[in-house]
Amino acid sequence: MDGTFNENDISRIIEADKAHVWHHLIQHKQFETADPRIILEGKGMRVWDQNGKEYLDAVSGGVWTVNVGYGRESIAKAVYDQLMKLCYFAQSAGSIPGSQFSEKLISKMPGMSRVYYCNAGSEANEKAFKMIRQIAHKKYGGKKHKILYRDRDYHGGTLATMSAGGQDERVMQYGPLAPGFVRVPHCMEYRPQWDLSGEEYGQRAADAIEEVILAEGPDTVGGLCLEPVTAGGGVITPPPGYWERVQEICKKYDVLLHIDEVVCGIGRTGTWFGYQHYGIKPDFVTMAKGVASGYAAIACCVTTEEVFEMFKDDAADPMNYFRDISTFGGCTAGPAAALENMRIIEDENLLDNCTTMGARMMDNLQALMEKHKVVGDVRGKGLFCGAELVADRKTKEPVSEKQMAQVSAECGAQGVIIGMSNRSVPGLNNVLCFSPALIATADDIDQITDTVDAALTKVFG
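Read left to right, the sequence shown gives residues 94 to 554 (the working numbering).
Take a look at the structure:
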């Protein structure tokens, strides 16, 4: 891994990419005069591009995914060994890694019991939505079908998950959206909706959910879908008192609680799942990204036994089961990689490391906030952190998206890849996002924040 490459070795790759690949989240006009970035290799916390430039990856593959770092030979070998035995069979039958990983996963999730395999976070959330809707028809004549979602949360890019999307720019021009999805207010105290603070604010933000339920009619609301920590909508950690009150409201109105752990799951916040910080007892937990650290495609919709039982209580009814299939939920590479991924996290004590390094990153970001007036707020849980940039701390006016892009580009020029909110909340795409792998060292964390320090100085003075 020396980061040097012969230009002739990569030229055809770049040509093919420019001619045929449709990249995600990118305006391609720029590639008429410039080359796209091609990531060729990765090892540990670092990746190399086609020019041989080395980067410290502070966003785990760009989107919070490579939790145990690059170049894990043991995961690659586990996948290879499994593929040579059995690469695939539809999930209407079982497999050895599917059974083993479900058992291992459930051991980390007290109160949950059933794992439905699929291949991406959007799809996992769709499964939960479909289950909630089917339960509505089974128990309530179809009336209790509405699904609540939170402002600034993100649940995927399919039509249904966009309909449950609290980031308006992500759904613009893709309507009309699916009916039956209703928004509730966000819980972000930095941009308050009520003149309260701390636990009082958290409880009031949760009470706003009850107000929506009452306005819609409790007999029409079947589910509530929330991220434990809002991700792309601004890295929003919930205020104290919020989640306890949310749980009470769900029980009061018989609303199924669906926790979207696609970003937070499998160690990102220092616990196996983000909801476990808050004493929540969900009915559904969905996950993807870090489940196999990107070494294979896998997602899961996990339910309680109570939910599962509702789909087999009348075997004589030909409609009384979950009539759904996910083609690539039958791939065995996913659970094989996920098993080894989980072993690595356990054996290397990466949950503890995440907590320790996350505290260091938050301390470093607080120091940046003291030094740079442009840093209005820092937030985070474990190695899932954000810094909101503002032109004026008093008014909290966001910096421009152009300035955000300049900070990100300057960090890249200095060899650190960071994230930023993008095409998310109109007028509020002003949060720098950090999610380094759980293997991060103190030196890695310091390099990230030192680079951000230099970038902020260059862009804002």
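Where is the CB? At the ideal position from N, CA and C, for every residue including glycine.
Determine which residues share a DSSP beta bridge with residue i and list them.
i           : result
residue 527 : 478
residue 351 : 318, 377
residue 136 : 139
residue 150 : 510
residue 239 : 314
residue 343 : Looking at the DSSP assignment, residue 343 forms no beta bridge with any residue, so it has no partner.
residue 395 : 208, 378
residue 424 : 181
residue 323 : 329
residue 368 : DSSP, once it has assigned bridges, lists no residue as partnering residue 368.
residue 163 : 137
Around the Cβ of residue i, are there at least 16 other Cβ atoms within 10 angstroms (buried) or fewer (exposed)?
i           : result
residue 548 : buried
residue 248 : buried
residue 94  : Note that residue 94 scores a pLDDT of 47, beneath 50, so its modelled location is shaky; the value from the coordinates is reported in the next line. With fewer than 16 Cβ atoms within 10 Å of its Cβ, residue 94 is classed as exposed.
residue 353 : buried
residue 418 : exposed
residue 258 : buried
residue 265 : exposed
residue 416 : exposed
residue 185 : exposed
residue 256 : buried
residue 140 : buried
residue 382 : buried
residue 519 : exposed
residue 431 : buried
residue 384 : buried
residue 566 : No information on residue 566 is available, as it lies outside the stretch 94 to 554 that the chain covers here.
residue 174 : exposed
residue 304 : exposed
residue 351 : buried
residue 442 : exposed
residue 187 : exposed
residue 529 : buried
residue 557 : Residue 557 cannot be examined here, being either before or after the span of the chain that is shown, 94 to 554.
residue 166 : exposed
residue 159 : buried
residue 536 : exposed
residue 198 : buried
residue 219 : buried
residue 65  : Because residue 65 is not part of the residues shown, which for the chain are 94 to 554, the question remains open.
residue 115 : exposed
residue 192 : exposed
residue 287 : exposed
residue 506 : exposed
residue 554 : exposed
residue 279 : buried
residue 369 : buried
residue 268 : exposed
Since residue i contacts residue j with CB under 8 Å, what's their CB separation in whole angstroms?
i           : j           : result
residue 525 : residue 484 : In fact, because the Cβ distance is near 15 Å, the residues do not count as touching under 8 Å.
residue 437 : residue 137 : Incorrect: roughly 13 Å between the Cβ atoms, too far for contact.
residue 252 : residue 271 : 6 Å
residue 517 : residue 260 : 4 Å
residue 342 : residue 299 : 6 Å
residue 603 : residue 527 : As shown, the chain starts at 94 and ends at 554. That puts residue 603 outside it, with no answer to give.
residue 161 : residue 434 : 6 Å
residue 357 : residue 331 : No, residue 357 and residue 331 are not in contact; Cβ-Cβ is about 12 Å, not under 8 Å.
residue 291 : residue 333 : 6 Å
residue 394 : residue 217 : 5 Å
residue 555 : residue 107 : Given a span of 94 to 554 for the chain in the structure shown, any question on residue 555 remains unanswerable.
residue 365 : residue 359 : 7 Å
residue 413 : residue 542 : Contact flag wrong, Cβ pair sits at about 55 Å.
At what residue ranges does the region 480–521 contain a whole run of the alpha helix (DSSP H), taking only runs of 4 or more?
Qualifying alpha helix (DSSP H) stretches, in chain order: 494–506.
Do the region 230–250 and the region 309–327 touch if we need at least three Cβ pairs shorter than 8 Å?
The way I'd put it, the region 230–250 does touch the region 309–327; three or more beta-carbon pairs between them come closer than 8 Å.
Cβ contact (3+ pairs, closer than 8 Å) linking the region 467–482 and the region 441–450:
Yes, since at least three Cβ pairs between the region 467–482 and the region 441–450 fall closer than 8 Å, the two stretches touch.
Counting Cβ pairs, one atom from each stretch, are 3 or more of them under 8 Å apart for the region 416–433 and the region 169–185?
With the cut-off at 8 Å, the region 416–433 and the region 169–185 touch.
Three or more C-beta pairs under 8 Å: does that hold for the region 315–335 against the region 191–209?
Too few Cβ pairs lie closer than 8 Å, so no.
State whether the region 362–382 contacts the region 403–413, with contact taken as three or more CB pairs (one from each stretch) at a distance under 8 Å.
Under the three-pair Cβ rule at 8 Å, the region 362–382 does not count as touching the region 403–413.
What alpha helix (DSSP H) runs, 4 residues minimum, are completely inside the region 243–291?
Within the region 243–291, the complete alpha helix (DSSP H) runs of at least 4 residues are 252–256, 261–264.
Meets three-Cβ-pair contact criterion under 8 Å: the region 488–495 and the region 516–525
Contact between the region 488–495 and the region 516–525 is present, because at least three Cβ pairs lie under 8 Å.
Secondary structure, beta strand (DSSP E): runs of 3+ residues fully inside the region 426–476:
Entirely contained in the region 426–476, the beta strand (DSSP E) runs reaching 3 residues are, in chain order, 468–473.
Validate contact between the region 507–519 and the region 150–157 using beta carbons, cut 8 Å, 3 pairs:
Taking 8 Å as the limit for Cβ pairs, the verdict is that the region 150–157 does touch the region 507–519.
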